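For the sequence shown, the positions run 1 to 627 when full-length UniProt numbering is used.
Glycine residues also receive a C-beta, built at the ideal position from the N, C-alpha and C atoms.
Keep in mind it's a predicted model, so treat the numbers as computed, not measured.
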Amino acid sequence: MNLCWSEIKRKSHNIRARLEAFSDNSGKLQLSLQEIIEWLTAKDEELSEQLPIGGDVGAVQHQREFHQAFMEDVKSRGPFIYSVLESAQAFLAQHPFQEPEETLTDGKEVSPRRRILNVSRSVWKQANVASDLWEKLTARCVDRHRHMERTLERLLQIQAAMEELAGALEQAEGVRDAWEPVGDLFIDSLQDHIDATKLFKEELTQVKEGMKQINELAHQLAISDVHLSMENARALEHLNSRWKLLQGSIEERLKQLQDAHRDFGPGSQHFLSSSVQIPWERAISPNKVPYYINHQAQTTCWDHPKMTELYQALADLNNIKFSAYRTAMKLRRVQKALRLDLVALSELADVFREQELQQGEHVMDVVEVIHGLTALYEKLEEERSILVNIPLCVDMCLNWLLNVYDSPRNGKMRVLSFKMGLVSLCNADVQEKYKYLFRQVSGPGGLTDQRHLSLLLHEAIQIPRQLGEVAAFGGSNVEPSVRSCFRVAPGKPAIEVSHFLEWTSLEPQSMVWLPVLHRVAAAESTKHQAKCYVCKQCPIKGFRYRSLKQFNVDICQTCFLTGRTTKGKKLHYPIMEYYTPTTSGEKMRDFAKTLKNKFRSKQYFTKHPQRGYLPVQSVLEAESSET
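This is how it looks when you write it as structure tokens:
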């Protein structure tokens, strides 16, 4: 019995010793783990307190140094933490726990085994918490370090970029400040200044890209919760303001230069504003077509005031009975008002060549027409020393061309239209005009087909059409005239210039107004030593008309063209027209014809009516010319 009791006491003593040893070890371990947990928690809070990261290089560098010291502190604590965690791992290996945690009822004592399990569970929990906190803290330290490095790199880029951009902007602002006011520039230099401003704008592309990059860097920092310092933010805002102001200055400068070039430059119509006087003002529609404002009457019109006066004066010629002469005399007044009677065909050809107006079907706008007319009248003034009111002549001629070929005022006309108008009214032999106009529609071999001839005749017939006289010249349909011309070369698909000249020499109905215009011009300065049978004017000026049915009956152009006769007497045909003084040979010829006609009956003259032109059969056509 004593031996058993002694054995029990010995075992109890050993158990007590082991429990006391276990309690000491676990207590120290738990204290170490708790200390680590508290230290890691404090460091995590300290790391959070380091935010936010500064917005300038100096602040970030200071924070980086502080963080490096912080990381060193954490790193130095690492061996102790690892050793405690290893001790906890060894402890748990020696004292594993598997049973689920039990809740004890009041009054129930904890067995030694249960106490060991509870201690193991507590150590396990503390070790897990400490391990998680350690991993989280070290990861946050690394992330914070990387974040600071990226932030510092971007801030250094921003700082360097701001310094570079500030210098570039200062240089650009110096160029801007040296600009002369647009109003002080010479008109001829406007295009050079426009080109220089555009080049200056292109050279600032690097500044534009730099500003875009620096703002993008600032945006990236803001996304990563790093906001620029007050100083940096103000500097960046100032740069953006300067850049925006510089851009606005460049755009405004360019607009002013372009507006000035448009309104006053070589391609402008500004110089034509002097073609009208107060209360009139010359204005320009969006398609560059001019129109005229009367501020006194508060009205607008397409026609120049002088053109309106000219058209009103043309009404005086409406009492002329014969349409070809009525049209020709109206065109003669237009010709002289536009000063085209002073322009030679060679001068026109030179201008067309200089302005590169070779393709007849090419379409010109109003500005191109003005360029051509300006060059023409300047050549007339410079080379022939003829004093010309260039703005008035250009504006009037433009007005007339638009009335003839662009009455809806679309602002466009063909090159062929431009040439036809000017060549028809220039000072040249009518045969030379025909030759030149034919060349404008002929091909490389000097031949032209029906389509191109119809284009030419279509442009020609627009001139009497504008005067309201088209019906007398066969109407607007030129197909009968084209067929009439091709009868000169039967069976041929194209005609030569000789065929065209042969046809025009017959003064075809659609073109008769042009040779009559030449005769009107030639007759203006002619005097005939004869007395008018009707008004008794002597000498007869201009055209002289001699009866080939009655002896010594001469009539002046006013009486003949208006149909004026003496009371009770009627003018008898045929009649001979003279626009130059008669010669003795012509007088003998007329005497012989008059004597012969004395013995001819009225039926003869009815069967053989006198015509001064080649009639063109004008019928309703199923096909019209392609225009």
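Query, Result
"Quick one, are the C-beta atoms of Ile463 and Ser476 less than 8 Å apart?", "no"
"Just reading off the beta strand (DSSP E) that Thr300 is part of, what are its end residues?", "Thr299 to Cys301"
"Do Glu356 and Ala375 have their beta-carbon atoms positioned less than 8 Å apart in this structure?", "no"
"What's the gap between the Cα of Leu331 and the Cα of Val478?", "21 Å"
"Quick check: the Cα distance between Pro515 and Thr526, rounded to an integer number of angstroms?", "17 Å"
"Mapping DSSP to helix, strand and coil, what is Tyr311?", "helix"
"For Leu239 versus Thr151, is the C-beta distance shorter than 8 Å?", "no"
"Can you have a look at Thr327 and say buried or exposed, based on whether 16 or more other CB atoms are within 10 angstroms of its CB?", "buried"
"Taking 8 Å as the cut-off, decide whether the C-beta atoms of Ala530 and Phe543 are in contact.", "no"
"What separation, rounded to the nearest whole angstrom, lies between the Cα atoms of Gln63 and Glu164?", "27 Å"
"Kindly indicate the opening and closing residues of the alpha helix (DSSP H) around Pro480.", "Glu479 to Phe486"
"For Pro305, which residues from the same chain have a beta carbon less than 7 Å from its beta carbon, with the 5 sequence-adjacent residues on both sides left out?", "Val276, Trp280 and Tyr292"
"With distance defined between alpha-carbon atoms, name the residue in Pro444, Val512, Ser484 and His458 nearest to Ala472.", "Val512"
"Mind reading off the beta-carbon distance from Val129 to Gln30? Whole number of angstroms is fine, and I expect it under 8 Å.", "Between Gln30 and Val129 the Cβ distance is about 12 Å, and since that is not below 8 Å, they are no contact."
"Go through its chain and collect everything with a Cβ distance to Leu246's Cβ below 7 Å, but skip five positions before and after it.", "Leu169, Ala172, Glu173 and Arg176"
"Using 8 Å as the threshold, is the C-beta distance between Leu373 and Leu398 below it?", "yes"
"What does the alpha-carbon distance come out to for the pair Ser249 and Thr197?", "11 Å"
"Might you give, ordered along the chain, the residues of its own chain that have their beta carbon closer than 6 Å to the beta carbon of Phe486, omitting 5 neighbours on each side?", "none"
"With contact counted as at least three CB pairs below 8 Å, one residue from each stretch, are the segment 487-498 and the segment 445-456 in contact?", "yes"
"DSSP three-state label for His528, please.", "strand"
"Nearest CA to the CA of Ser189: which residue from Ala127, His261 and Lys549?", "His261"
"Does Pro508 come out as helix, strand or coil in the three-state DSSP assignment?", "strand"
"Measuring straight from C-alpha to C-alpha, what distance separates Gln550 and Pro508?", "29 Å"
"Quick check: what's the CA-CA separation for Tyr377 versus Val423?", "14 Å"
"I need the boundaries of the beta strand (DSSP E) containing Val363, first residue and last residue.", "Val363 to Asp365"
"So, are the CB atoms of Asp554 and Arg546 less than 8 Å apart?", "yes"
"Consult DSSP for Trp400 and reduce its assignment to one of helix, strand or coil.", "helix"
"Compare the beta carbon distance of residue 714 and Gln126 with 8 Å and say whether it is the shorter of the two.", "The structure shown does not extend to residue 714, since the chain spans only 1 to 627, so no value can be given for it."
"Counting along the chain, where does the alpha helix (DSSP H) carrying Trp243 start and finish?", "Met230 to Phe264"
"Could you tell me whether the segment 412-427 touches the segment 339-350, using the rule of 3 or more Cβ pairs below 8 Å?", "yes"
"Taking buried to mean at least 16 other C-beta atoms within 10 Å of its own C-beta, is Tyr82 buried or exposed?", "exposed"
"Give the single residue among Phe560, Gln298, Ser32 and His518 whose Cα lies nearest to the Cα of Gln537.", "Phe560"
"Take Leu257 as the anchor and find which of Met230, Asp192 and Asp44 has the nearest alpha-carbon.", "Asp192"
"Taking the alpha-carbon positions, what's the Ser625 to Val441 distance?", "For Ser625, the pLDDT reaches just 36, beneath the cut-off of 50, and the residue's location in the model is therefore unreliable, leaving the point undetermined."
"By a C-beta neighbour count over all protein chains shown, 10 Å radius and 16 as the cutoff for buried, is Gly421 buried or exposed?", "buried"
"Taking Cβ positions, are Val520 and Met329 nearer each other than 8 Å?", "yes"
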